[in-house]
Amino acid sequence: MDGVVDVTQCAIPPSGEMTYKFKAQPAGTTWYHGHYLNQYTDGLIGPLIIRRQVEPNQEHYDTERILMVSDWYNDVARTKLLSWYLSAQNTEGIEPIPDAIVVNGKFSQSLFVKTSGATRIRFRIINAAAFSMYTVSIDGLPLHIIELDQTPVVPYTVSSFVMNVAQRVSFYVNLNEFDQTYVPTDLPSTKSIYIRFKANPEMYPVDISSYIAPYATQCLPYPIFFNPLYLAILSFDSSDSLPTYPVNQATSESSNQDSEDQHDVNILCARPFNPASNVVPNATHYLKLVITFRPDSHNITRGYLNNVTYSSDAINVRNKAISMNAMKSDKMLPLLYQMVANSASLGIPSPIITNDNPLPVIQSDGSGHYLVPYQAVVDILLENTDEGEHPFHLHGHSFWIISTSDNPQAEQLYRGAYIQRDVVSVPASGWAKIRFLANNPGAWLFHCHIEWHMSAGLILAFLVGPNELLAQDYMIAANQKLFCQKYY
Ligand SMILES: [Cu+2]
Numbered sequence: 003m004d005g006v007v008d009v010t011q012c013a014i015p016p017s018g019e020m021t022y023k024f025k026a027q028p029a030g031t032t033w034y035h036g037h038y039l040n041q042y043t044d045g046l047i048g049p050l051i052i053r054r055q056v057e058p059n060q061e062h063y064d065t066e067r068i069l070m071v072s073d074w075y076n077d078v079a080r081t082k083l084l085s086w087y088l089s090a091q092n093t094e095g096i097e098p099i100p101d102a103i104v105v106n107g108k109f110s111q112s113l114f115v116k117t118s119g120a121t122r123i124r125f126r127i128i129n130a131a132a133f134s135m136y137t138v139s140i141d142g143l144p145l146h147i148i149e150l151d152q153t154p155v156v157p158y159t160v161s162s163f164v165m166n167v168a169q170r171v172s173f174y175v176n177l178n179e180f181d182q183t184y185v186p187t188d189l190p191s192t193k194s195i196y197i198r199f200k201a202n203p204e205m206y207p208v209d210i211s212s213y214i215a216p217y218a219t220q221c222l223p224y225p226i227f228f229n230p231l232y233l234a235i236l237s238f239d240s241s242d243s244l245p246t247y248p249v250n251q252a253t254s255e256s257s258n259q260d261s262e263d264q265h266d267v268n269i270l271c272a273r274p275f276n277p278a279s280n281v282v283p284n285a286t287h288y289l290k291l292v293i294t295f296r297p298d299s300h301n302i303t304r305g306y307l308n309n310v311t312y313s314s315d316a317i318n319v320r321n322k323a324i325s326m327n328a329m330k331s332d333k334m335l336p337l338l339y340q341m342v343a344n345s346a347s348l349g350i351p352s353p354i355i356t357n358d359n360p361l362p363v364i365q366s367d368g369s370g371h372y373l374v375p376y377q378a379v380v381d382i383l384l385e386n387t388d389e390g391e392h393p394f395h396l397h398g399h400s401f402w403i404i405s406t407s408d409n410p411q412a413e414q415l416y417r418g419a420y421i422q423r424d425v426v427s428v429p430a431s432g433w434a435k436i437r438f439l440a441n442n443p444g445a446w447l448f449h450c451h452i453e454w455h456m457s458a459g460l461i462l463a464f465l466v467g468p469n470e471l472l473a474q475d476y477m478i479a480a481n482q483k484l485f486c487q488k489y490y
């Protein structure tokens, strides 16, 4: 599980099937999605909830609801949007702008979330968007956050929070805490309230109120311009009535909050629920990664990590500057199978001591494949030269967030008790520092989870503990050999 075509497996062919067997751990809120040819933008997604025997904080709620928010595109991503995005005509590398927001597959004001008589409800929010980060709030209710990605946290209370692509946040609400002043006294009492998902228009490289994409074919009844405010309706009864108050009803306090809350405050507020299981080891290795976007030799804007843009069969790239001696990720066996077949000749140097850092520095083969010794504790500094914020996700592991340029004080404040996540939002023109323990031998991607940026090559692969992988007698499944038969 947690695999990717060309990294841990060959693609499941049309009409083919594959059974994934996995240990249901770690527990928590996550989601399944295709990682191939922009299929998840086109809807190949779903929630995956792994429950604990005893859920931390479960005494605070009686029922739960899952809300999966994603970007809706009128056009097919796999063909039309991707080929436009990675074309020389797209001189500024403008990402396809979503046409709408959907939650659980429904457009704004059409999703009714019923409380079914419960007053204490846990919400598991999953940002499964291709591009957008969202500010989430529920009118008149404080949100008590209890889980970030798959890490339970000591409850803390916010009026809204930001979540970037691929992040998950759980909170509970208590309807008895509803702010009665939210509904003006001259209006009839309301049987429902809005759950708001607000995309921050500043993250888009164009003015969304007037932008018509060059590839767009206007097609009613689909929206023409993107509305950054999505409204779901939390219904207290079965009548599916809309709230009695106007959509723009907001106390001055909460509207101020909105403009201030564009940053991820969770890094500072969140404390691990179980500190004993969150012992942060000291770093043994170091890796600095510089994020850049620039046109390649074909004038196609691509993403680079330390000047390497990742290419694989999954990406229709014309730029395949891969050195002959290095591991190849295009037209080749999945990286994992290459590790198993020939770990002695991976062609990637071991970590080396440099003048810049007291710790050995993780090395690559120049094609985005980095060799990580088993049980290494790697500090990664992500330096973002781009003006956009990038949500970086690590496969096969979670990591501790040490600090970011938005919250640099976290490093000293929480020394030894950093919060674990598996997606970190690297601030625009800023940086993030994370640490992970390489205890899961295999081939694991580390990448920006904005689907367009993956397609643009903002990816690398960690090859963790090749010798340990062999020692574990890793076997390639029989059905996998079938899918990969062009190689076997
Ligand atoms: Cu990105």
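So the sequence shown is numbered by the working numbering: it starts at 3 and just counts up by one. The beta carbon of each residue, even a glycine, is placed where N, CA and C say it ideally should be.
Can you tell me where the alpha helix (DSSP H) with residue i in it begins and where it stops?
i, result
"residue 455", "453-457"
"residue 164", "Residue 164 -> not in any alpha helix (DSSP H); beta strand (DSSP E) instead, spanning 163-165."
"residue 470", "468-473"
"residue 150", "Counting along the chain, residue 150 falls outside any alpha helix (DSSP H), though it belongs to the beta strand (DSSP E) covering 145-150."
"residue 413", "412-415"
"residue 268", "268-271"
"residue 281", "It is not in any alpha helix (DSSP H) - residue 281 carries neither H nor E in the DSSP assignment."
"residue 483", "480-485"
"residue 85", "84-87"
"residue 396", "Residue 396 -> not in any alpha helix (DSSP H); beta strand (DSSP E) instead, spanning 392-396."
Using only CA atoms, which one of the options lies nearest to residue i?
i, options, result
"residue 275", "94, 175, 152", "152"
"residue 172", "85, 186, 146, 191", "146"
"residue 122", "59, 70, 81, 170", "59"
"residue 231", "64, 243, 177, 202", "202"
"residue 28", "453, 270, 76, 423", "423"
"residue 364", "299, 285, 295", "285"
"residue 21", "408, 5, 377, 135", "5"
"residue 353", "344, 371, 337", "371"
"residue 229", "104, 158, 189, 159", "104"
"residue 491", "411, 344, 282", "Outside the shown range of the chain (3 to 490) lies residue 491, about which nothing can therefore be said."
"residue 367", "382, 356, 308", "308"
"residue 113", "204, 442, 277, 242", "242"
"residue 484", "18, 177, 8", "18"
"residue 24", "480, 441, 398", "398"
"residue 211", "205, 204, 227, 198", "227"
"residue 138", "209, 107, 162, 206", "162"
"residue 169", "474, 475, 450, 460", "450"
Would residue i and residue j be called neighbours here (beta carbons separated by less than 8 Å)?
i, j, result
"residue 185", "residue 247", "yes"
"residue 43", "residue 132", "yes"
"residue 439", "residue 463", "no"
"residue 293", "residue 409", "no"
"residue 425", "residue 375", "no"
"residue 310", "residue 369", "yes"
"residue 385", "residue 454", "no"
"residue 335", "residue 486", "yes"
"residue 68", "residue 51", "yes"
"residue 223", "residue 86", "no"
"residue 249", "residue 437", "no"
"residue 491", "residue 458", "What is shown of the chain runs 3 to 490, which leaves residue 491 out entirely."
"residue 140", "residue 197", "yes"
"residue 10", "residue 430", "no"
"residue 46", "residue 36", "yes"
"residue 40", "residue 79", "yes"
"residue 164", "residue 135", "yes"
"residue 57", "residue 126", "no"
Leaving out five residues before and five after residue i in sequence, what residues of the same chain have Cβ atoms less than 8 Å from its Cβ?
i, result
"residue 180", "142, 143, 195"
"residue 321", "Per-residue confidence for residue 321 stands at a pLDDT of 33, beneath the threshold of 50, marking its modelled position as unreliable; no derived number is given."
"residue 289", "363, 364, 372, 380, 381, 382, 383"
"residue 191", "185, 246"
Using a Cβ-Cβ cutoff of less than 6 Å, which residues in the same chain neighbour residue i once the five nearest sequence positions on both sides are dropped?
i, result
"residue 272", "150, 155, 421"
"residue 239", "193"
"residue 318", "In this prediction, residue 318 has a pLDDT of 36, which is less than 50 and means its spatial position is unreliable; what the coordinates show is noted afterwards. Correct list: empty, nothing qualifies."
"residue 452", "133, 167"
"residue 400", "422, 424"
"residue 351", "365"
"residue 62", "174"
"residue 77", "83"
Starting from residue i, trace the beta strand (DSSP E) in both directions and tell me its first and last residue.
i, result
"residue 102", "102-105"
"residue 361", "359-363"
"residue 422", "421-423"
"residue 341", "Residue 341 -> not in any beta strand (DSSP E); alpha helix (DSSP H) instead, spanning 337-343."
"residue 435", "433-439"
"residue 123", "122-129"
"residue 368", "Taken as a continuous stretch (DSSP letters only), residue 368 belongs to no beta strand (DSSP E), as it is neither H nor E."
Skipping 5 residues on each side, what residues in its chain have a beta carbon closer than 7 Å to that of residue i?
i, result
"residue 478", "339, 342"
"residue 327", "Model confidence at residue 327 stands at a pLDDT of 40, short of 50, so the residue's coordinates are unreliable; what they give is reported in the following sentence. Excluding positions up to five away in sequence, the list reads 349."
*Between the segment 405-421 and the segment 458-473, do at least 3 Cβ pairs fall closer than 8 Å?*
no
*asked:* Check whether the segment 90-107 and the segment 68-76 are in contact - that is, three or more C-beta pairs closer than 8 Å.
replied: yes
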